[in-house]
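All residue numbers for the sequence shown refer to the working numbering, where the first residue is 7 and numbers rise by one. The C-beta atom is built at its ideal place from N, Cα and C for all residues, glycine as well. Everything numeric in this text was worked out from a predicted model, so none of it was measured. The structure under discussion appears below in the form of structure tokens.
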Amino acid sequence: MPSGQPRTLTFTEYLAQAAPAELRQELTNGIPITMPPESDDNIALTLGLAEKLKEVVDWHLIRTHSTTLQVPSLPEIPQENRFPNLIVLTPELSRQFRDKNSAITLEMLNPALVVEVVNPYNSPNEDNYRCDYIEKRQQYEQRGVPEYWIVDPTAGEVTVLALLHQDGYQARAFQGQQRIRSSGFPSLILTVDELLTLGAK
Numbered sequence: 007m008p009s010g011q012p013r014t015l016t017f018t019e020y021l022a023q024a025a026p027a028e029l030r031q032e033l034t035n036g037i038p039i040t041m042p043p044e045s046d047d048n049i050a051l052t053l054g055l056a057e058k059l060k061e062v063v064d065w066h067l068i069r070t071h072s073t074t075l076q077v078p079s080l081p082e083i084p085q086e087n088r089f090p091n092l093i094v095l096t097p098e099l100s101r102q103f104r105d106k107n108s109a110i111t112l113e114m115l116n117p118a119l120v121v122e123v124v125n126p127y128n129s130p131n132e133d134n135y136r137c138d139y140i141e142k143r144q145q146y147e148q149r150g151v152p153e154y155w156i157v158d159p160t161a162g163e164v165t166v167l168a169l170l171h172q173d174g175y176q177a178r179a180f181q182g183q184q185r186i187r188s189s190g191f192p193s194l195i196l197t198v199d200e201l202l203t204l205g206a207k
């Protein structure tokens, strides 16, 4: 290995580093890449959604920002893990999770829900848009995450992607006063407008 070139790591080696969740690094082509800090608006919205989900989900199952999810690396998408804005564990996954660090590996069960809040963008060609709408969608679909929400404050829209095993994700977009329809959380009563203002409360 040439001098000065970082050593590539396996995912197990990456997890063995000191506090990988606190460092918020994505393992990309075997090299940990530090992610930019999350915006205050996105953090506030995510925490507001977490509070709303507590009405229908045991709060012990909700994780925000601190849990890394190992995903399949694809030919054009070399990242091996993601840090979703919000994750809802299943009770079974929660039992697996107790003896692990803050990581859901490929050998573990899938979470019930993954939510990503899209950072502001001017065009669908920008990285912020492509990352959540295209790259993460493909990786979460390949992993088998049953439900993935894309919360897009720029477009004023929430896209709910539900996994149909024979056809992959089926997407439904909601806007304004439309109630967000979730097969995984059918008792949740929340409109898009309400969701997008949760962080401001």
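Cβ contact check for the region 46-55 and the region 12-20: 3 or more pairs under 8 Å:
Contact between the region 46-55 and the region 12-20 is absent, because fewer than three Cβ pairs lie under 8 Å.
Can residue 32 and residue 88 be called in contact, C-beta distance under 8 Å?
yes
In this structure, how does DSSP classify residue 103 when only helix, strand and coil are distinguished?
helix
When you compare only the Cα positions, how much space is there between residue 35 and residue 41?
Computed Cα separation, rounded: 15 Å.
Measure the C-alpha to C-alpha separation of residue 63 and residue 204 and round it to an integer number of angstroms.
17 Å
Check for me: the beta strand (DSSP E) holding residue 120 runs from which residue to which?
119-123
Comparing alpha-carbon positions, which option in 190, 135, 128 and 108 lies nearest residue 154?
If we check each option's Cα against that of residue 154, 190 comes out closest.
Am I right that residue 208 and residue 67 are in contact with their C-beta atoms under 8 Å? What's the rounded C-beta distance?
Only positions 7 to 207 of the chain appear in the structure, and residue 208 is not among them; the question remains open.
Between residue 160 and the rest of its own chain, which residues show a CB-CB distance below 7 Å, the 5 nearest in sequence each way excluded?
Taken in chain order, the residues that qualify are 124, 126 and 127.
What does DSSP give as the partner residue(s) for residue 181 in the beta ladder?
163
If you run the structure through DSSP and keep just helix, strand and coil, what is residue 136?
helix
Quick one: grab the DSSP three-state call for residue 157.
strand
Considering only residues of the region 35-60, which uninterrupted alpha helix (DSSP H) runs meet the minimum length of 4 residues and lie entirely inside it, listed in chain order?
DSSP runs (the alpha helix (DSSP H)) wholly in the region 35-60: 46-59.
Backbone CA spacing between residue 142 and residue 188 [nearest angstrom]:
19 Å
Mind reading off the beta-carbon distance from residue 75 to residue 93? Whole number of angstroms is fine, and I expect it under 8 Å.
Contact annotation, residue 75 with residue 93: C-beta distance approximately 7 Å; criterion of less than 8 Å satisfied.
State yes or no: is the C-beta of residue 164 within less than 8 Å of the C-beta of residue 120?
no
Closest residue to residue 46 among 71, 192 and 131 (Cα-Cα distance):
Of the candidates 71, 192 and 131, the residue whose Cα lies closest to the Cα of residue 46 is 71.
With distances taken between CB atoms, is the gap from residue 175 to residue 77 smaller than 8 Å?
no
Endpoints, alpha helix (DSSP H) assigned at residue 74
For residue 74, there is no enclosing alpha helix (DSSP H); the enclosing beta strand (DSSP E) covers residues 74-76.
Within 10 angstroms of the Cβ of residue 209, are there 16 or more other Cβ atoms? Answer buried if so, exposed if not.
With the chain represented from 7 up to 207, any question about residue 209 goes unanswered, as that position is not in the structure.
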